[in-house]
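Here is the structure we will look at, set down as structure tokens.
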């Protein structure tokens with residue numbers, strides 16, 4: 001008998017990083033690592049389960065920037081070269097580690113990269129978006145969209161800018177998936193009252209928020225965070241469950257911190273003899289993460305005290321954690337059903353890149369969990385938000401509270417003393433883009449049309465929440481600041497050219513070559 005429903009939501013997103021002006025670029029590695037460690041492994045797990053007759057039903061966000069990168073021919077070709085070098089290095093590592101405690105890990109890495117290479121080239125034919133689309137068409141996944149460039153909507157001053165983020169995203173989704181999206185992951189789960197009306201305009205049925213958005217909404221939710229609420233525009237809001245988040249995300253009690261799992265922060269790129277590893281670094285010779293790691297978490301010890309990684313131990317632990325997670329959901333849902341009076345929905349959203357990239361065994365965990373849900377019990381059922389709305393169409397009306405996820409839950413990660421300087425430039429560009437759309441109801445010439453569309457692209461790229469996030473977390477600060485400044489500069493120059501009626505076609509062509517996102521762009525999305 002069904003006791004409750006579990007909605008696993010994996011948010012797959014990376015900022016748009018593409019640098020044809022360089023033969024290789026460090027930040028492009030973010031995409032290559034995610035393909036090898038997250039996207040291909042997840043596809044393989046979902047497809048294998050589905051072909052075996054196991055019921056799989058999950059929700060995934062594939063954001064517009066990620067989709068645009070996954071179908072880009074330049075990036076696909078570069079990824080194939082990147083993967084080929086990893087396979088070559090992994091083969092050498094089998095020989096180098098023979099007879100050492102690291103031999104099992106070397107063998108496992110080699111098998112992993114060879115499998116990814118075969119899947120990417122011979123099974124998916126370099127088309128991961130198409131592979132995800134097929135899984136949606138077969139009922140395995142429900143793929144939702146996100147703001148066009150992961151723009152943080154509450155920190156945009158002009159409604160036209162918010163509307164453009166949503167409408168460009170919906171159009172891009174339709175291009176890639178051949179249908180309209182049913183739901184949206186608001187970037188950083190950032191919401192404030194009124195945003196739901198913009199979602200309703202394009203037919204979106206639901207969005208995801210953090211738990212306090214519903215708990216502090218008006219009126220208070222009768223079923224807590226275990227059923228959606230319906231906003232004034234008729235769009236449903238689904239809240240993140242705190243308990244399942246802690247079991248996976250927590251640095252203290254989360255599964256990925258178990259001693260048997262692979263340690264992320266000890267990588268062959270930093271530890272191998274320099275002359276040996278140099279051919280697998282970039283041309284600048286700077287050490288970087290390669291993706292081959294030989295140590296396990298071990299415990300709360302210094303990195304130089306980490307112990308060898310044993311893949312078989314990690315797999316066994318992933319199975320144990322899957323069983324623990326399912327048992328916890330059963331107990332949670334039995335209790336909740338008696339409290340709220342109907343089958344509860346536990347919404348468990350995670351960054352997709354956690355599964356495989358940060359938590360190497362994450363895809364194995366999902367494989368074990370889905371199998372256990374299918375074969376070992378009948379209380380917990382996997383469902384998407386759309387499934388739940390179809391089963392329970394009548395839900396409590398509410399105005400959710402303004403909120404975001406991230407530290408403290410109210411925008412601080414994206415608006416603070418290190419990032420506040422960005423928004424005056426962004427708001428000026430938003431105002432000017434609205435002005436351009438009003439000034440040019442029709443473009444007048446092909447060149448002007450190209451410039452207007454590129455101006456819209458540059459504004460959208462500047463609005464990416466990733467730049468502020470990176471700056472706040474002090475990781476690749478110089479790169480994030482440069483990206484934001486470059487897009488604002490390009491937008492400003494395009495604005496000045498358009499308003500002075502002197503478009504530099506050679507310069508425009510160079511910018512178009514670099515910032516190729518959204519070839520379907522229509523700048524008139526900014527018209528009031």
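Numbering (UniProt numbering), first residue to last: 1 to 528. Beta carbons are placed, not taken as given, at the ideal position from N, Cα and C, and that holds for glycine.
Have a look at 10, 515, 490 and flag the residue whose alpha-carbon is nearest the alpha-carbon of residue 248.
Comparing Cα-Cα distances from residue 248 to each of 10, 515, 490, the minimum goes to 10.
Rounded to a whole number of angstroms, what is the C-alpha to C-alpha distance between residue 445 and residue 501?
For residue 445 and residue 501, the distance between alpha carbons rounds to 11 Å.
Return the bridge partner residues of residue 397 from the DSSP annotation.
Note: residue 397 sits in a beta bridge opposite 230.
Might you give, ordered along the chain, the residues of its own chain that have their beta carbon closer than 8 Å to the beta carbon of residue 316, omitting 5 neighbours on each side?
260.
On the three-pair Cβ rule with 8 Å, is the stretch 374-386 touching the stretch 54-71?
Short answer: they touch.
Run the CB neighbour count on residue 376, radius 10 Å, all protein chains shown included, and call it buried at 16 or more, exposed below.
Residue 376 is exposed by the Cβ-count criterion.
Give me the Cα-Cα distance between residue 67 and residue 436, rounded to the nearest whole angstrom.
For residue 67 and residue 436, the distance between alpha carbons rounds to 28 Å.
From this set, 487, 21, 482, 451, which residue's C-alpha is nearest residue 521's C-alpha?
Answer by Cα proximity: 451.
What's the gap between the Cα of residue 299 and the Cα of residue 388?
Roughly 40 Å separates the two Cα atoms.
Taking only three categories from DSSP, how would you classify residue 185?
DSSP places residue 185 in strand when its eight states are reduced to three.
Distance check for residue 325 and residue 227, CA to CA, integer angstroms please.
Looking at the two C-alpha atoms, the distance is approximately 20 Å.
Please go through the same chain and pick out, in chain order, the residues whose beta-carbon is closer than 8 Å to the beta-carbon of residue 296, but skip the five residues on each side of it.
Excluding residues within five positions, the ones whose Cβ falls inside 8 Å are 259, 260, 261, 262, 263, 306, 307, 308, 309, 310, 313, 314.
Take every Cβ of the stretch 408-415, pair it with every Cβ of the stretch 17-26, and state whether three or more of those distances are shorter than 8 Å.
Output reads no: the stretch 17-26 does not touch the stretch 408-415.
Going along the chain, which unbroken runs of the beta strand (DSSP E) with 3 or more residues stay wholly within the stretch 92-177?
Here the runs fully enclosed are 141-146.
Which residue's Cα is closest to the Cα of residue 439: 479, 498, 122?
Considering only alpha carbons, the answer is 498.
Can you give the Cα-Cα distance for residue 43 and residue 486, rounded to whole angstroms?
If I take the Cα positions, the gap works out to 35 Å.
Please check the pair residue 60 and residue 14, which I expect to be a contact at CB under 8 Å, by giving their CB distance rounded to whole angstroms.
In fact, because the Cβ distance is near 14 Å, the residues do not count as touching under 8 Å.
Is DSSP giving residue 523 helix, strand or coil here?
Residue 523: helix per DSSP, three-state reduction.
Three-state secondary structure (DSSP) at residue 4?
Residue 4: strand per DSSP, three-state reduction.
Leaving out five residues before and five after residue 21 in sequence, what residues of the same chain have Cβ atoms less than 8 Å from its Cβ?
Excluding positions up to five away in sequence, the list reads 514.
Are residue 490 and residue 454 closer than 9 Å when you measure CB to CB?
Yes, the pair counts as a contact, with Cβ atoms nearer than the cut-off.
Is it buried or exposed for residue 356, if we count other Cβ within 10 angstroms and need 16 for buried?
By the neighbour-count rule (16 or more Cβ atoms within 10 Å), residue 356 is buried.
Would you please state the rounded distance, in angstroms, between the beta carbons of residue 471 and residue 481? I believe it to be under 8 Å.
So it is a contact: roughly 6 Å between Cβ atoms.
So, does the stretch 112-128 touch the stretch 139-156, judging by three or more C-beta pairs under 8 Å?
No, the stretch 112-128 does not touch the stretch 139-156.
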